[in-house]
Structure formats: structure tokens, C-alpha cells
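In what follows, a structure is listed as C-alpha cells, so that the remarks can point back to it.
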Amino acid sequence: MDHFLYRNGELYAEDVPVAEIAAQVGTPFYCYSTATLSRHFRLFDEALAGTEHLICYAMKAASNLAILKTLAELGAGMDVVSGGEYARAKAAGVPGERIVFSGVGKTRDEMRMALEGGIRQFNVESEPEMAALNEVALSLGMRAPITVRVNPDVDAKTHAKIATGKSENKFGIPIARAREVYAEAAAMPGLEVVGIDVHIGSQLTELEPFRLAYEKVADLTEALRADGHDIRRLDLGGGLGIPYTRSNEAPPLPMDYGQLIKETVGHLGCEIEIEPGRLVVGNAGILVSEVIYLKAGEGRDFLILDAAMNDLIRPAMYDAYHDIVPVREPQPGAEQAAYDIVGPVCESGDTFAKARMMPGLAQGDLVAFRSAGAYGAVMASEYNTRPLVPEVLVHEHQFAVIRARPTFDEIINRDTIPEWL
Ligand code: LLP
1107 MDHFLYRNGE
1117 LYAEDVPVAE
1127 IAAQVGTPFY
1137 CYSTATLSRH
1147 FRLFDEALAG
1157 TEHLICYAMK
1167 AASNLAILKT
1177 LAELGAGMDV
1187 VSGGEYARAK
1197 AAGVPGERIV
1207 FSGVGKTRDE
1217 MRMALEGGIR
1227 QFNVESEPEM
1237 AALNEVALSL
1247 GMRAPITVRV
1257 NPDVDAKTHA
1267 KIATGKSENK
1277 FGIPIARARE
1287 VYAEAAAMPG
1297 LEVVGIDVHI
1307 GSQLTELEPF
1317 RLAYEKVADL
1327 TEALRADGHD
1337 IRRLDLGGGL
1347 GIPYTRSNEA
1357 PPLPMDYGQL
1367 IKETVGHLGC
1377 EIEIEPGRLV
1387 VGNAGILVSE
1397 VIYLKAGEGR
1407 DFLILDAAMN
1417 DLIRPAMYDA
1427 YHDIVPVREP
1437 QPGAEQAAYD
1447 IVGPVCESGD
1457 TFAKARMMPG
1467 LAQGDLVAFR
1477 SAGAYGAVMA
1487 SEYNTRPLVP
1497 EVLVHEHQFA
1507 VIRARPTFDE
1517 IINRDTIPEW
1527 L
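Okay, so the sequence shown: first residue is 1107 according to our numbering, each after it adds one.
The following block contains the structure:
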């Protein structure tokens, strides 16, 4: 459920007409709903009620400070994967003890930054990384709290580019080697083992892969405890999928996911951490764009939008499907036509949809890409020197620009010409 609905014949974001935002901000822009964001966060919170837990929002999905602050005020922790994300979490007012640091290649500078600024734990992904963290912590006279990310060799049954839990993926250490690696960690004076971490992939539309992974983590918890490690936290990663179409697609609900967590690891008495990104923000955001031209091609009609692959790369990169709806509500039974929906960037890959059935549209009409809140704005670029797409946050009847569109001068002035030119 989200808060982008038609009212009086036009699309609203909560209590604000989307066309009104477009008139003030210009297109394209991302628009998020506070109510949807909060609702989705609370669903996870309720799903884990009765179990000690922390929901560490995977801010790679959408990391605008206003989004982070909205979630932090609801009690969210943050999952960060870079020094930049760590700095954003702190700038949004998230205390270090609610930030976990994930990622396969943390640098020593990033480790130092997080140790000095405060950190809940590092999810360590390899032995060399563990050794580096030990050294950095010792150099600061500190002990770094860690979990080791284990790779459970489970097929997440999702798109190959976002599956992470198979042995051929670059993530974590093989679960079969975990006892050995934990023994090494325990011998390093700059590290303090606090738990286990696992994350098997993104946009999972079945619970079974989670069950397989979490059962392995439960077995490992017992084995590591028997080896004398104080395993008191389990970070179970993110990855719960969302519906991208409004047909009969029905990924598992957070409540069922929470139940599965309780069934598989609840008996261990560990504090549970999860790192959802997409489910929190995916359907809380739309990308709004204007039709620039309708172009009749050979055997097909092109709808040329002012949004492009640099603003929303998911269709080009993962063949991802996004619902695209007119901002003016189509009349019931309105005639539909097939369009290839494209952006203005000079690549054939700049195609959002092929032969998509849409109600008749005209130049100047607005459309909205649904389910664009996660991995939309954060993956945008300035390719073709197109200004980074702005972001807007709606809260009931109010809206605010939470990232302004840069001017051409701002973009160009970031470059410098060397003195020999
Ligand atoms: N934790 C870790 C360690 C992760 O690598 C990820 C996502 C998450 C949590 C959050 O997963 P989520 O709940 O959002 O599924 N750009 C791709 C998705 C990449 C996901 C990367 N890791 C896309 O647009 O589909």
C-alpha cells in the first residue's frame, strides 16, 4: 500500500497534487511520501515485536538526509557501506551505536572514521579486512565490535546482478570456514566478536531462501558458542522484495518474514538486526516526468520523456519493470495504445519500456514511474550533463524540495582547467 492515489481525476502524493509540485519544481523529479515511508518502517518494527531488535535501514536504497531523519525519528538504525554513507547517517543525527558498517571493501580510512565517530559493529567480509580492522583499532587504542558476514551458499532466486548468497558471489566468507575465521578473530586483540551477519540478495520474492540461510546461521550460532564465542547479535541482512506491478504479484509480507525469523533463530536469545532498504522506500517514491514528444516510428510509437536512464537506471541495468502511470487519471475504459517509452539520452539502452500499453498521452502530459523510491535517485548520474534529478518529500498537505536541481553553472564549475591549458 502507498500514498500515491488518484483523487478528483489526478494523481496525489498524500494530500498534494503531483502536478502542483511539477509546476513549482519542474520535471523530472523524485517525490517521496512520508506516510508510506513510516508505514513500511513500522511494518518491520511490528513484525519483530517481542524480540529485541534494531532495524538498520540500508540507506544505499535512498540516502537523502530528510529520508534518513524521518526514519531515524521512528527509531531506525542505519546500515552503511561507505564513509560517505556513514557521514550522511551522522549528519542526519543517527548516533554511532545505531550504525552498522557493511561492505566488501572497507578502507582503513573508513574504518578509522567509524571507530572515531562511534559504530555499533563492522560486518567484516574477509580475513584481510579483519586483519586491517584489527590494526586500525589497535592504532587508536580501541577494540572494534565485529560480526563476520557468512556466505551460506543459498540461491536467493532473484536477478543475477543482485544475488549475493551463492559461493560464486564476492560476498562474505564461506560458511564452512566460519569456525576457523572466528577463531582468528578471537585471537586479534583489536577486535571484539559480537555476532554473525548474513545477507543473501535483494528483491527476494519468496521466503524459502531466507529460511535456508537463517537455519544455517542458527546452527552456526550454536557451534560458535560451543567454541566459546559470545554470539549475542544476529544481523540477518535485507532483501525482502516489493511488488513492482499491480497485478497478482504478491511478495511475502514483513509480518510473515518476522515470523520466519522468530521460527528460525528466535530460540537463540540473540538481539536481531535486519537491514531492509527496498521495502522501506521502494513504493514510497515516484519519479515524475513530462512527455516531450510523441514520435511515430516504423511500426511503433515512441513516447519521449524528459527523464532518462541517468535519472532512473534500473530498466537499463536490470531490465527492471516500473509501472508508468499518467498523472491525469485516465477515463474508465479509455483507449490504450502501445508505446516504446524512452528518454533523451543518446543510447538505445535509454529505454524504460517497450510496447507498453498506455492510455493516450499528449506532449506536455505528466507521467509517474511507480516504485521508484529505492535505487532510483541514489543511482542517478549527470550523464549527458543532465542535472542530477531533484528530490521532494511530501508530508500530508506540505511538500519540500529536499535536494534542489543543480544549475548548469554549478555543474560546470566543479570542473577545473589545468594551468597549462
Ligand atoms: N544489506 C546489504 C549488505 C546489502 O548489500 C543490501 C543491498 C541490503 C542490505 C538491502 O537490500 P534490500 O532490502 O534493499 O533488498 N541496485 C539494485 C539493488 C542492489 C542491492 C544491493 N544490496 C536494484 O536497483 O535492484
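Don't be surprised by glycine CBs; every beta carbon is placed ideally from N, CA and C.
Pair within 8 Å by beta-carbon distance, residue i and residue j
| i | j | result |
| --- | --- | --- |
| L1385 | P1358 | no |
| I1381 | A1164 | Reading off the sequence shown, one finds Glu at residue 1381, where the question assumed Ile. Yes. |
| G1223 | G1199 | no |
| V1495 | F1207 | no |
| S1106 | N1257 | Because the chain in this structure spans residues 1107 to 1527, residue 1106 falls outside the shown range and cannot be described. |
| P1432 | V1371 | no |
| H1428 | Y1320 | no |
| L1297 | N1389 | no |
| V1451 | M1415 | yes |
| M1217 | V1242 | yes |
| F1110 | I1508 | no |
| A1483 | P1421 | no |
| V1210 | K1276 | yes |
| G1307 | T1253 | no |
| I1127 | V1387 | no |
| E1379 | D1341 | yes |
| R1255 | N1229 | yes |
| E1502 | D1121 | yes |
| E1116 | A1129 | no |
Residue i beta carbon near the ligand LLP (any heavy atom closer than 7 Å)
| i | result |
| --- | --- |
| S1308 | yes |
| H1503 | no |
| P1349 | no |
| Y1489 | no |
| P1360 | no |
| M1485 | yes |
| Y1481 | yes |
| L1346 | yes |
| Y1424 | yes |
| E1203 | no |
| H1159 | no |
| G1383 | yes |
| R1194 | no |
| K1322 | no |
| S1353 | no |
| G1068 | The chain is shown only over 1107 to 1527; residue 1068 falls outside these bounds and no answer can be derived. |
| T1270 | yes |
| R1462 | no |
| S1103 | Residue numbering for the chain in the displayed model covers 1107 to 1527; residue 1103 lies beyond these limits and cannot be assessed. |
| A1262 | no |
| H1305 | yes |
| K1276 | no |
Reduced DSSP secondary structure (H/G/I, E/B, other) of residue i
| i | result |
| --- | --- |
| F1147 | helix |
| N1399 | Rather than Asn, the amino acid found at residue 1399 in this sequence is Tyr. It is a strand residue. |
| F1277 | coil |
| D1446 | strand |
| V1433 | coil |
| E1453 | coil |
| D1341 | strand |
| Y1320 | helix |
| V1242 | helix |
| D1325 | helix |
| M1107 | coil |
| R1406 | coil |
| E1158 | coil |
| P1524 | coil |
| E1377 | strand |
| G1189 | helix |
| N1229 | strand |
| A1269 | strand |
| L1359 | coil |
| Y1424 | helix |
| V1386 | helix |
| E1441 | coil |
| L1310 | strand |
| L1117 | strand |
| D1333 | coil |
Opposing strand residues paired with residue i [DSSP bridges]
| i | result |
| --- | --- |
| G1364 | Paired residues: none, contrary to the question. |
| A1250 | L1297 |
| L1411 | V1397 |
| F1475 | L1393 and I1430 |
| S1139 | V1500 |
| N1257 | P1280 |
| V1507 | V1498 |
| Q1130 | In DSSP, Q1130 forms no bridge with anything. |
| I1348 | Beta-bridge pairing links I1348 to no other residue. |
Distance cut-off 7 Å: residue i Cβ against heavy atoms of the ligand NAD
| i | result |
| --- | --- |
| H1265 | In the structure shown, the ligand NAD is absent; the only ligands present are the ligand LLP. |
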